[in-house]
Amino acid sequence: MSGGNGYLSPSGQEIVFVLTGLVVLGAAVLCVTTKQLVHAALWLVVALGGLAVQYLLLTAEFVAWVQVLIYLGSVVVLLLFGLMLTKAPIGPSAEADSGNRPVALVVALAAAGTLVTLVADAFRTAWIDLDTPHGESGPIGDSLFRVWVLPFEALSVLLLAALVGAIVLSRKDTPDAPDPAGTPGTTGTTGTGPAKGGGR
Amino acid sequence: MHLVYPAVLSALLFCVGLYGVLARRNAILVLMAVELMLAAVGLNLVAFDVWLRDVTHAGQVLTLFLIALAAAEIGIGLAIVLLVHRRRGTVAVDRLTELREKKPVT
Amino acid sequence: MELLDVAARLVAVLLAFLVLPLLVGQGEHKVMAHMQGRVGPMHAGGFHGWAQLVADGVKFAQKEDIVPAGADRRVFQIAPAVALIPYLIVLIAIPFGPDGMVGQVLDAGILFVLAVLGVGVLGSLMAGWASANKYSLLGGMRTAAQLMAYELPLLLTAASVAMAAGTLSLPGILAEFEWWWVPWQLTGAFVFFTAGLAELQRPPFDAPIANEEIVFGAYTEYSGLRFAFFLLAEYAGIVVICALTAVLFLGGWHGPAADSLGWLWMLLKTAVLAFLVIWARVAWPRLRADQIQRFAWTVLVPLALAQVALTGVVRVVIA
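This is how it looks when you write it as structure tokens:
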């Protein structure tokens, strides 16, 4: 597993990986530092898309496409939806960062220093063999439904719970909620709440 | 490929997410930073899974679970954030201090 | 040698990407016109106005490209590209004939196609937000809500076909195809095609761009080439959704003399489906935004789940 592969003669995959990694890291940094809310979501798209490319480089094809499908197709769309509903302005917003930026920076840098030193020291000589793919959909499906079937079912129950929870949270016709129309409407209009824009 | 590249990248990405969670005030931006941290963990899992050639694909399957969990988390999280926005008109995490202990009057 | 092969495939995909949407667009002009008792464009190019869309393209290229003063310039400008490029990428994975007539064989092709299609949505959202226009923002939000709702039945029915074939690869699915899959997956086909129509925001699911109520939704502020890109994205989307429906549910290149005429069958099936898309625009009034949501969650999702259950049962019985 080790030896024979120096750091001074990187393979093509490594070069692509490092370049994509720089893009991912840069996009991630912009995502957490930009003052423009929607830009943060778009940089998140770049970072997560780059990560999908890296999964492909690591021959984890199935995970890569699931990442694109769920993260870029649903999670980021939901985030943008949320930003639009909370009236994200065009241009910088003063509300983006809180007062503990210096503390956060110190914590993050300390964590980064510790983790990187540790990881680099521990896996200096480890070598990933990428010649045979290890992540095609067939074998992944086999292990998912043979070995990991119980966690899978547990996850589906959890997703159902999350679904019910999200519906309960976003219902408007709870008795103590303020009338969304803002007018003394007729009684008995509950249950036919306006579905404008669509709820989840 | 050296294992160090994905491992270090995922460590750095995790710390960027950590900074975001601590430094951001808008709740949706905090959720985004959490997504970055989860994604970093996913990269780590995939890299080590490919390195170890695990026959049960534990790392990649766990990454799939992680992605599904992230989607659920964002669904619930956004529902909460939107509810808070509707009730209080703000999504700044450090303004939601209604449940905090009152400061002693000096 | 291999490089040449890859280059030839890419050029073929690019050519299909440039030609097929224009054919659909011209077809829409003509079909709509004849359904409404008109003749449609007759002058450009001479014969039945065949060059109308080329002329339109020239016109769009000459128009001034305006960015509104209050808009977010960069996001506003890259949004059309984000909307258009995914359709080009998706075409690479769609098989147009037997024996490797496909841009690139992907192990998880169906997943790849649906994943990349989902990215194109971001273009409309970016456009809607960055235009600094209330109508655009409304259009963007309706787009987001609609796409979240219709993604689910789309994925479920695609999963049903993947279950039937036992593979995620699009050429693999076609290799397994039997004629009786068409009745077996009929519900799935209906759900997939309808949900695809909604993903494209084509009538009757065009509440996000409803030009009588919110001007033109997310595209209100666009002009010139960038607007043309959005239009091109719409027609490329029709091609992609129709081709996918043909591959997944109608057997793609299967048909008499498939070895030599496979590509023709595929194009024919795609064209018939594209005709249905145009017909739907002429035949039905627009659904309201809440009706669109209700249709997705109370009709399409249960139907898709029923189809998945049916597929599972039949697979177990015949296995």
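Going line by line, the protein sequences match chains P, A and R.
Residues are numbered in this note's numbering as their position in the first sequence, beginning at 1, plus a constant of 744.
Residues are numbered in this note's numbering as their position in the second sequence, beginning at 1, plus a constant of 1172.
Residues are numbered in this note's numbering as their position in the third sequence, beginning at 1, plus a constant of 97.
Glycine is no exception: its CB is placed at the ideal position from the N, C-alpha and C atoms.
Remember, predicted model here, so these are calculated numbers, not experimental data.
In the structure shown, N1216 of chain A adopts helical secondary structure according to DSSP, grouped into three states.
Counting only runs of at least 4 residues, the segment 218-304 of chain R fully encloses the following alpha helix (DSSP H) elements, listed from N- to C-terminal order: 231-262, 267-273, 278-281 and 283-296. Within chain P, not a single residue places a beta-carbon under 8 Å from that of L384 of chain R; the smallest gap is close to 12 Å.
In the three-state scheme derived from DSSP, where H, G and I count as helix and E and B as strand, D162 of chain R is classed as coil.
No Cβ of chain P is located within less than 8 Å of the beta carbon of D303 of chain R. As computed with DSSP, N1198 of chain A is found in a beta bridge with A:A1264. A Cβ-Cβ distance of about 7 Å is found for the pair L823 of chain P and L1203 of chain A, placing them in contact under the 8 Å criterion. In this structure, T1228 of chain A and V891 of chain P form a Cβ contact; the two beta carbons are roughly 5 Å apart against a cut-off of 8 Å. Taking a 10 Å sphere around the C-beta of S755 of chain P, we find fewer than 16 other C-beta atoms and assign the residue as exposed. R385 of chain R and T367 of chain R have their C-alpha atoms some 28 Å from each other.
Judged by DSSP secondary structure, H1229 of chain A falls outside any alpha helix (DSSP H); it is assigned neither H nor E.
DSSP, read as helix, strand or coil, puts G409 of chain R in helix. Among the residues of the segment 1192-1212 of chain A, those with a Cβ less than 9 Å away from any Cβ of chain P are G1192, V1193, L1194, A1195, R1196, R1197, N1198, A1199, I1200, L1201, L1203, M1204, A1205, E1207, L1208, A1211 and A1212, in the order of the chain. In the three-state reduction of the DSSP assignment, H126 of chain R falls in the helix class, which pools H, G and I. Contact annotation: A212 of chain R and W871 of chain P have beta-carbon atoms that are not nearer than 8 Å. Using a CB distance cut-off of 8 Å, P883 of chain P counts as an interface residue toward chain A. The alpha helix (DSSP H) runs of length 4 or more contained entirely in the segment 371-395 of chain R are, from start to end of the chain, 386-392.
When the five nearest sequence neighbours on each side are left out, no beta carbon in the same chain lies closer than 7 Å to the beta carbon of E1273 of chain A. Ranked by Cα distance from A205 of chain R, the options R:L365, R:A256 and R:K127 are led by R:A256. Inclusion of G124 of chain R and L813 of chain P in the CB contact set at 8 Å is not warranted, their separation being larger than that value. Exposure of K831 of chain P is indicated by the presence of fewer than 16 other C-beta atoms within 10 angstroms of its C-beta. Only those residues of the segment 245-276 of chain R whose C-beta falls short of 7 Å from the nearest C-beta of chain P are listed: M245, A246, E248 and L265.
Using beta-carbon distances, G835 of chain P does not count as an interface residue toward chain A, since no partner is under 8 Å. Of the residues P:V797, P:V908, P:A771 and P:T778, the one whose Cα lies closest to the Cα of F209 of chain R is P:V797. Chain-order list of chain P residues neighbouring G167 of chain R: I834, by C-beta distance under 8 Å.
Taking a C-beta cut-off of 7 Å against chain P, the contacting residues of the segment 1214-1239 of chain A are L1215, V1218, A1219, V1222, W1223, R1225, T1228, H1229, Q1232, V1233, T1235, L1236, F1237 and I1239, listed in chain order. Taking C-alpha positions only, A325 of chain R is separated from P118 of chain R by approximately 12 Å. For a Cβ distance threshold of 7 Å, residue set A1240 and A1244 of chain A lies close to L903 of chain P, ordered along the chain.
Under the three-state reduction of DSSP output, D841 of chain P falls in the strand class. Contact between P836 of chain P and K779 of chain P holds: their C-beta atoms lie close to 4 Å from each other, under 8 Å. The beta carbon of E161 of chain R is closer than 7 Å to those of S320 and G321 in its chain, skipping five residues each way along the sequence.
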